[in-house]
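Residue numbers (our numbering), protein chains in the order written: chain A, 204 to 562; chain B, -14 to 352. Some notes on the structure that comes next.
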Amino acid sequence: MMLPADWPGGFWWHWLVFTVIIIAFVLTLVMGLIWIERRGMARMQARLGPNRVGPFGLLQPVADAIKVLLKEDITPARGDKIVHLLAPITAFFPVLMIFAVVPFQNGALLADLDVGVLYVIAISSISAIGVLMAGWGSNNKYSLLGAMRSVAAVVSYEIPLVLSVVGVVLIAGSLSMNQIVLAQNVPFILLQPLGFLIFFIGGCAEINRSPFDLFEADSELTAGFHTEYSGMKFAMFYLTEYGEALALSAIITTLFLSGWKGPLLAPWLWFVLKTITVFFIMVWTRTTLPRVRIDQLMALSWKFLFPLALINLFITAIEVLVWPEALPWTMIPVNIAIMAVLVLLWSKFFKLGWGRVAV
Amino acid sequence: MTLKTEPFMLNIGPVHPSTHGVFRLRTTLDGEVIIDIEPIFGYLHRGVEKLAEERTYTGFIPLTDRLDYLASMSNNLGYVIAVEKLARIKVPERAEYLRVIIAELQGIASHLIAVGAFLNDCGAFFTPFLYMFREREKIVDLFEMVSGQRLLYNYMRIGGFAQDVPDEFLPALDKFVRQMPGFIDEYDRFLAENEILLARAKGVGILTREMAIDICASGPVLRASGVKWDIRKVDPYSVYDRFEFDIPIGSVDDCYDRYRVRVEEMRQSLRIIKQAMEQIPPGEIRAKVPHLVRPPVGEAYAHTEAPKGELGFYLVSDNSIAPYRCHIRAPSLMNLTALRDMMIGWKVQDAIIIFGSIDITMGEVDR
């Protein structure tokens, strides 16, 4: 069946249809990620994981969703009811909004904003407000502690995150996500290895992935900011968590792994494959690493990532200015060598903060 | 401008993922920093010591299982040794060796959980824990073979054992002893050099040598503080004087040392088991003991090196079939007493791992 060229026609129709398609696509992917996380983690932990619902347990997220919908929705008696209700919504919607500028294949993005990268960075920080609201509205000290940690981490990690993206923007010469993908003749992970490292670590810290999952730190704060949530509100936070993970993977894919580009397979398939690969690395670290402490989390941001991001930006700017025509193949080994030297130097001269506070 | 801040109170527990049972820590926090704690326990009190006075000497053995339920065999051993001392019963040679084997196996099983749970408290999402459980499962299988139970074994009897081990036990044990060092090395390689674990556990929760001695700490907690004190060496019971093994000690007295000491102790336990398997003689498994033991009037205190520390049973006999008084010196409880000094000044996250590194079982703390 051939669709007419201007299908679905009309400004509002066009937007509505594609928004629905993207939301459906994203939610399906999120379900897939949940499955990958649970099965992959189980595999690394010498157990089976969910394998009863559907083939290979693929429908487990559906069963979980149904269960969670039927659960009683509890609001703490002395909590702030309105804030408690609004918090999951405030946390969840920005995540969906990020996907408006993510190119699933060439030109297949809802809005090819000229300031796409800026938009992503601005929108993704809004989720932190939702987390803070959850911590405040729950009237629970665990929640409050988790929320405080979350805000502190997001505020600190935003800076190295932005600085590391600027390196990419400098090379690509554009803030538009689609233009950045088009500019990647070689994936930027090779030209910006340090930037990638900083972005990945900072991103993991910002979206509450292990080893920086201090906001919900289940062995310390029971469930952190969403201790007091149940039913659909909890499901919203759960979706937020994986939605953010998907968003981060998608952005890393776009910025550093040349997005939908790739031989043989369909572009959108390449995009999904790369996204899943990035996500899988996050699952891997989650199963492998213990959690850092809050002061170490801060130290990592301010002592390691922030200066390294500045240096990275500086070096990238020089490279772009002085050798604009340099072949990528000569810059790749140089940049990787610079990264290795810097990372070694920093880990030698700086220590993560630790120590006892005199009381 | 300075913001006005004030400390607040946070209840950790009694129901909390990291309290290893029903333990409650009432902490006063200044932001994330702990400025005061008050440990509260007793939620699991069952009056075990009083119950002992209403049971026969043999009838109390199942209850000792429920003290440190992760090391039931060690509790059995501590108790039967106390009764044997009180009633002056000589245990057959084979039973003595078997007791050593079983107790050391139990020590490994308990330390596996201690290490796994400690890493879980550090935030390693269940991975080390589940691998430790995989290895523990093999020990539990061995215990099931001899006693038919998987958690509360009730296997030891006054004067020996309930029954001899089946024929397939020693070959299975041999296989386990040959496999296990490889696993311990593998886990140690992954964990001991992990940057985050080092950053989290090194220098945290220091229990100085003097303090450890003052609070009567024992077991890995005491040894991690640099005191070479192991009941198996300093006051050998059973046939421990016939084996060669080292006492691993720590140097910095922190959480990381307590972890290292436990890993090292597992290796030493395997060494003891290996020697005991070579030397174990055939013969009787149980001394001729009447069903109702009536020890002569008197008292006896016997201490053994349980996985968590010095487990002591103090029994007073009035020549009846039940002890007149039974007191249990629980290592978990004693080791907890320094908690306040270890935790103050650290952050909430450190408090959790300090608590985890002490390795307690609430069944033993509350009795």
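Don't be surprised by glycine CBs; every beta carbon is placed ideally from N, CA and C.
Would you give the residue range spanned by the alpha helix (DSSP H) that F228 (chain A) belongs to? Position 25 of the first sequence holds residue 228 (chain A). Counting along the chain, the alpha helix (DSSP H) containing F228 (chain A) begins and ends at 214 to 247.
At a CB distance below 9 Å, what residues from the segment 482 to 494 of chain A approach chain B? Give them in sequence order. Taking 9 Å as the Cβ-Cβ cut-off against chain B, the residues of the segment 482 to 494 of chain A that qualify are R489, T490, T491, L492, P493, R494.
Cross-strand partners of L296 (chain B) (DSSP beta bridge): The residue given as residue 296 (chain B) occupies position 311 in the second sequence. Paired residue(s): B:T289.
If I'm right that L10 (chain B) touches I(-3) (chain B) with Cβ under 8 Å, what's the distance once you round it to whole angstroms? One-based indexing of the second sequence puts residue 10 (chain B) at position 25. One-based indexing of the second sequence puts residue -3 (chain B) at position 12. Yes, L10 (chain B) and I(-3) (chain B) are in contact; Cβ-Cβ is about 4 Å, under 8 Å.
Helix, strand or coil, according to DSSP, for L467 (chain A) in the structure here? For the purposes of this step, residue 467 (chain A) is taken as the residue at position 264 of the first sequence. Coil, per DSSP.
Please tell me whether F26 (chain B) and L321 (chain B) are closer than 9 Å, where the distance is taken between their beta carbons. Start at 1 with the first residue of the second sequence, and residue 26 (chain B) comes out as number 41. Start at 1 with the first residue of the second sequence, and residue 321 (chain B) comes out as number 336. Taking 9 Å as the Cβ cut-off, F26 (chain B) and L321 (chain B) qualify as a contacting pair.
Between Q263 (chain A) and chain B, is any beta-carbon pair separated by less than 9 Å? Position 60 of the first sequence, counted from the start, is the residue given in the question as residue 263 (chain A). Answer no: the Cβ-Cβ gap between Q263 (chain A) and chain B never drops below 9 Å.
C-alpha distance - A147 (chain B) paired with E81 (chain B), whole-angstrom precision: As a working mapping, residue 147 (chain B) is identified with position 162 in the second sequence. As a working mapping, residue 81 (chain B) is identified with position 96 in the second sequence. Approximately 13 Å between the Cα atoms of the pair.
Along the chain, where does the beta strand (DSSP E) that runs through F(-7) (chain B) open and close? Residue mapping note: residue -7 (chain B) aligns to position 8 of the second sequence, counting from 1. Where F(-7) (chain B) is concerned, the enclosing beta strand (DSSP E) stretches over -7 to -3.
Note down, in chain order, every chain A residue with its Cβ under 7 Å from the Cβ of Q164 (chain B). Within the second sequence, residue 164 (chain B) is the residue found at index 179, counting from 1. Result: empty, since nearest Cβ-Cβ is about 15 Å, beyond 7 Å.
Could you compute how far the alpha carbon of I329 (chain A) sits from the alpha carbon of I455 (chain A)? Counted from its first residue, the first sequence places residue 329 (chain A) at position 126. Counted from its first residue, the first sequence places residue 455 (chain A) at position 252. The straight-line gap from Cα to Cα measures roughly 19 Å.
From B:E39, B:E38, B:P(-8), residue whose alpha carbon lies closest to that of I19 (chain B): Position 34 of the second sequence, counted from the first residue, corresponds to residue 19 (chain B). Looking at the Cα atoms, B:P(-8) is the closest of the given residues.
Interface residues of chain B around S413 (chain A) at Cβ under 8 Å? For the purposes of this step, residue 413 (chain A) is taken as residue 210 along the first sequence, with counting starting at 1. What S413 (chain A) touches in chain B: G108, F110.
Run the CB neighbour count on M542 (chain A), radius 10 Å, all protein chains shown included, and call it buried at 16 or more, exposed below. Here residue 542 (chain A) is taken as the residue at index 339 of the first sequence, counted from 1. By the neighbour-count rule (16 or more Cβ atoms within 10 Å), M542 (chain A) is buried.
Assign I19 (chain B) to one of three DSSP states: helix, strand, or coil. As a working note, residue 19 (chain B) is residue 34 in the second sequence. Strand, per DSSP.
Interfacial residues, the segment 307 to 340 of chain B to chain A, with Cβ spacing under 8 Å: I329, G330, W331, K332, V333, Q334, D335, I337
Option nearest Y140 (chain B) by Cα separation, candidates B:D239, B:D50, B:R325: Indexing the second sequence from 1 puts residue 140 (chain B) at position 155. Nearest C-alpha to Y140 (chain B): B:D50.
Distance between G188 (chain B) and I143 (chain B) (C-alpha atoms, nearest Å): For the purposes of this step, residue 143 (chain B) is taken as the residue at position 158 of the second sequence. For the purposes of this step, residue 188 (chain B) is taken as the residue at position 203 of the second sequence. I143 (chain B) and G188 (chain B): Cα-Cα distance of roughly 44 Å.
When DSSP builds the beta bridges, which residues end up paired with R11 (chain B)? Reading the second sequence from its first residue, position 26 is the one you call residue 11 (chain B). According to DSSP, which records beta bridges pairwise, R11 (chain B) is partnered with B:N(-4), B:E23.
If we count the other Cβ atoms within 10 Å of its Cβ and call it buried at 16 or more, is S236 (chain B) buried or exposed? Your numbering for residue 236 (chain B) matches position 251 in the second sequence. The residue is exposed, with fewer than 16 neighbouring Cβ atoms inside 10 Å.
When you compare each of A:E423, A:G465, A:V256, A:F553 to R494 (chain A) by their alpha carbons, which one comes out closest? As a working note, residue 494 (chain A) is residue 291 in the first sequence. Of the candidates A:E423, A:G465, A:V256, A:F553, the one whose C-alpha sits nearest the C-alpha of R494 (chain A) is A:E423.
What is the rounded straight-line gap between the Cα of L183 (chain B) and the Cα of S342 (chain B)? Within the second sequence, residue 183 (chain B) is the residue found at index 198, counting from 1. Within the second sequence, residue 342 (chain B) is the residue found at index 357, counting from 1. Straight-line Cα distance between these residues: approximately 14 Å.
If we ignore side chains and look at the alpha-carbon of each, how far apart do T488 (chain A) and I324 (chain A) end up? Within the first sequence, the letter at position 285 stands for residue 488 (chain A). Within the first sequence, the letter at position 121 stands for residue 324 (chain A). Cα to Cα, the separation comes out at about 24 Å.
Which residues of chain A have a Cβ atom closer than 8 Å to the Cβ of H5 (chain B), listed in chain order? Taking the second sequence and counting its residues from 1, one reaches residue 5 (chain B) at position 20. Here the premise fails: no neighbours, minimum Cβ distance about 11 Å.
Using a C-beta to C-beta distance shorter than 9 Å, which residues of chain B count as neighbours of K344 (chain A)? By 1-based counting over the first sequence, the position of residue 344 (chain A) is 141. The answer, in chain order, is F(-7), M(-6), L(-5), N(-4), L14.
Mind pulling the chain A residues with CB within less than 8 Å of Y116 (chain B)? As a position in the second sequence, residue 116 (chain B) is number 131, starting the count at 1. Ordered by position in chain A, the residues that pass the 8 Å Cβ test against Y116 (chain B) are Q248, A249.
Cα-Cα separation, V286 (chain A) to W339 (chain A): The residue labelled residue 286 (chain A) in the question sits at position 83 within the first sequence. The residue labelled residue 339 (chain A) in the question sits at position 136 within the first sequence. Using only the alpha carbons, I get a separation of about 8 Å.
Taking 9 Å as the CB-CB cut-off, is L104 (chain B) touching chain A? Counting from one through the second sequence, the residue named residue 104 (chain B) turns up at place 119. Yes, because at least one Cβ of chain A sits closer than 9 Å to the Cβ of L104 (chain B).
Are any of the Cβ atoms in chain A nearer than 9 Å to that of I343 (chain B)? Here residue 343 (chain B) refers to the residue found at position 358 of the second sequence. Interface with chain A (9 Å Cβ-Cβ cutoff): I343 (chain B) is excluded.
Counting only C-beta atoms, is R119 (chain B) closer than 9 Å to chain A at any point? Start at 1 with the first residue of the second sequence, and residue 119 (chain B) comes out as number 134. Interface residue, yes.
For I401 (chain A), three-class secondary structure by DSSP: Numbered from its first residue, the first sequence carries residue 401 (chain A) at position 198. I401 (chain A) falls in the helix class under three-state DSSP.
Following a CB-centred definition, is I285 (chain A) positioned closer than 8 Å to any heavy atom of the ligand ZN? Questions concerning the ligand ZN fall outside what the structure shown contains, since it holds no ligand whatsoever.
Using a threshold of 9 Å, state whether the C-beta atoms of E250 (chain B) and P205 (chain B) are closer than that. Here residue 250 (chain B) refers to the residue found at position 265 when the second sequence is read from its first residue. Here residue 205 (chain B) refers to the residue found at position 220 when the second sequence is read from its first residue. In contact: E250 (chain B) and P205 (chain B) (Cβ atoms closer than 9 Å).
Could you spell out where the alpha helix (DSSP H) holding R245 (chain B) opens and where it closes? Within the second sequence, the letter at position 260 stands for residue 245 (chain B). Element bounds for R245 (chain B): 240 to 264.
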